[in-house]
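The structure appears right after this line, and notes come after that.
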Amino acid sequence: MCIQNGELVIISSLNFRKNLRSSLRVRIFYILVLAGILPSLIMGIGILKSYENRAIITRGKDVQNQCNILSKQLTSADYINDQSSELLNEELVQLSNMYDGRILIIKNNFKIIKDTYILDEGKTIISEEVIKCFKGEAPAASYDQNSRYIEVTTPILDINKEFITGVMLTSVSTDSIAVNLEILSRKVIILGIVICISMVLIGMMISSVLVRPIARISKSIESITGGYGGENIDIKDYMETEAISNAFNKLFLRMKVLDDSRQEFVSNVSHELKTPITSIKVLADSLLMQEDTPIELYQEFMQDIVEEIDRENKIISDLLALVKLDKTSADLNIESKDINQLLELILKRLRPIAKKRNIEMVLESYRQVAAEVDEVKLTLAISNLVENAIKYNRENGWVKVSLNADHKYFYIEISDSGIGIPEESIEHIFERFYRVDKSHSREIGGTGLGLSITRNAILMHRGAIKVNSTENEGTTFTVRIPLNYIA
Ligand code: ADP
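By the count of the working numbering, the sequence shown reaches residue 949 at its end, each step adding exactly one.
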């Protein structure tokens, strides 16, 4: 396959983008940066807004106070009727200059009698604020957002201070506030940039520190799986990393146990398969080495060789049966079966072997039982148990097979009057290749796999098997299987 340079660039940029999205470190970085930058951004905007509001209110109050003082002087000098006072005119100009604004004096016929800009004198002005002021409503400073001007209306009374005869309309510019606001904004922006850069650096640092234990876990796992590390990982920086370490250690231990048992199984299999071959080789070699071997000896050795071949065959068939049963329960062929009939058939098949040693076989069935089972696998399991009951029995002994059931399970009990199993061996008899007495078992054709096969077949049916035995008296195996198969 030929990948062009362009395609490579696209693939690596896609991977990079995927890493950015899925990396825990990058996510923690984003969260820290957002958590640091957003509040400082909101705070910066809040500071600027509140400074602006405060500055406008203070300026409005200042102007209002100055206007009140001047309006009192205008009232005392009856300025509405006589504007000749040089001093007052000068003060009006000074006040308007001080705030970079304009003062209009309006008579009660809405005529402008004084304009510090000298533009609109003699003209008429009708505005909401002026009308309200004439009506005697509380004077207030108002701020016009568009023109950025503060307007203050102040009443001027007649000489007897009884009526409002005029209104002083003062407009002052807020340009100086805007200039201050701009300077402050610049400082806030610089501070914001400093905060952003520090948050990015802090975010990078903290995110890499926070994910370090996770990186250490994956490094340890990699070195263990690569065969370079120890056998345990122990990273207790966080509760979570401790839990991951413990879970991994458990899994690793389980894998080791499985591996050990696999190795033991392989070595057992090789050993068991080698034994008959070694015997065959010894028998064949001794025949080859002897000259003029008598026909009787030849026949006897050949008979032994055939027995060893049969034995090898039996081990291989048992191993194959075991491997089949190691597969999942999906391989079961579940059907509703008459268990009484199934047991009768098993006993019928095995009766000839029992007869050879004059062993009596009894089937005791307490009720008719139909259950959902895999006929082949259950037959194999029960046949093994009955075969063992015959094999490990004494001459003229007995084997009893009984069948019973309740509303949930059916029970098969296989008892014998045989040699029994020593107490210390009971816990091992279900292990593969385990035999209480190797030579005796070998003599009677045992492979040590029968009970493993039986147990696996019963477990596949979600059943259970129990054993009770007394040496030199006999053994009882009890099998319990659900009447309806539980998938
Ligand atoms: P084997 O092929 O040797 O019979 P099994 O797995 O069937 O292997 O049985 C394991 C061992 O358990 C046997 O070797 C035997 O020692 C013991 N055992 C099994 N069933 C009985 C029994 N009914 N009475 C006495 N010993 C038994």
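Glycine is no exception: its CB is placed at the ideal position from the N, C-alpha and C atoms.
Predicted, not measured: the structure shown is a model, and the values here were computed from it.
In the three-state scheme derived from DSSP, where H, G and I count as helix and E and B as strand, A539 is classed as coil. For S635, the closest alpha carbon among the candidates I659, V614 and F625 is that of V614. Rounded to the nearest whole angstrom, the CA to CA distance from P814 to N820 is 10 angstroms. Around the beta-carbon of R521, 16 or more other beta-carbon atoms lie within 10 Å, marking it buried. Rounded to whole angstroms, Y492 and A677 show a C-alpha spacing of 19 angstroms. In the DSSP assignment, G912 falls outside any beta strand (DSSP E) and lies within the alpha helix (DSSP H) extending over G912 to M922.
For the options L805, G908 and E583, the alpha carbon positioned closest to that of I844 is the one of L805. In the three-state DSSP reduction, G628 falls in the strand class (E or B). Chain-ordered, the residues whose CB falls short of 5 angstroms from any heavy atom of the ligand ADP come out as N850, A851, Y854, G880, I883, I891, R897, V898, S903, G908, T909, G910, G912, L913 and T937.
Distance from the CA atom of V719 to the CA atom of R894, rounded to whole angstroms, is 15 angstroms. Annotation: Y896 is outside any alpha helix (DSSP H) and is labelled neither H nor E by DSSP. Taken through DSSP and simplified to helix, strand or coil, P675 comes out as helix.
Segment contact: the segment 934 to 942 against the segment 862 to 878, three or more CB-CB distances shorter than 8 angstroms; contact assigned.
In the DSSP assignment, A603 falls within the unbroken beta strand (DSSP E) covering A603 to D606. Between the segment 618 to 629 and the segment 520 to 540 there are three or more C-beta pairs closer than 8 angstroms, enough to call the two in contact.
The beta-carbon separation of A832 and D800, rounded to 6 angstroms, stays under the 8 angstroms limit for a contact. In the three-state reduction of the DSSP assignment, D878 falls in the strand class, which pools E and B. In this structure, G628 keeps its C-beta atom at 8 angstroms or more from the C-beta atom of K585.
The beta-carbon separation of S914 and V898, rounded to 15 angstroms, does not stay under the 8 angstroms limit for a contact. If you look at F596, you'll find it in the alpha helix (DSSP H) that goes E590 to F596. In the three-state DSSP reduction, G498 falls in the helix class (H, G or I). Ranking Y760, T737, I645 and P738 by CA distance to the CA of S748 puts Y760 first. Shown here for A603: same chain residues with a beta carbon closer than 6 angstroms to its own, the five before and five after excluded, namely G522, Q526, I612 and V614 in chain order.
If the five residues before and after V673 are omitted, its C-beta is found closer than 8 angstroms to the C-beta atoms of L486, R487 and I490, all from its own chain and listed in chain order. In this structure, DSSP gives F710 a helical state, which the three-state scheme calls helix.
Annotation for D577: the continuous beta strand (DSSP E) segment containing it runs I574 to D577.
For the options G908, I874 and Y896, the alpha carbon positioned closest to that of T940 is the one of I874. Excluding the 5 residues flanking it on each side, E857 has same chain C-beta neighbours closer than 7 angstroms at R819 and N820, in chain order. In the three-state reduction of the DSSP assignment, Y611 falls in the strand class, which pools E and B. Contact annotation, L781 with L911: C-beta distance approximately 7 angstroms; criterion of less than 8 angstroms satisfied. Residue burial annotation: D836 is buried, with at least 16 other C-beta atoms found within 10 angstroms of its C-beta. With contact defined as three or more Cβ pairs closer than 8 angstroms, the segment 822 to 830 and the segment 860 to 867 are in contact.
Close CB contacts of F714 within its chain, under the 8 angstroms cut and outside five residues either way in sequence, are with I686, E693 and N694 (chain order).
Short of 7 angstroms from the beta carbon of G563, and not among the five residues preceding or following it, lie these beta carbons of its own chain, in chain order: T632, S633, V634 and S635. Only buried fits V848, as 16 or more other CB atoms lie within 10 angstroms of its CB.
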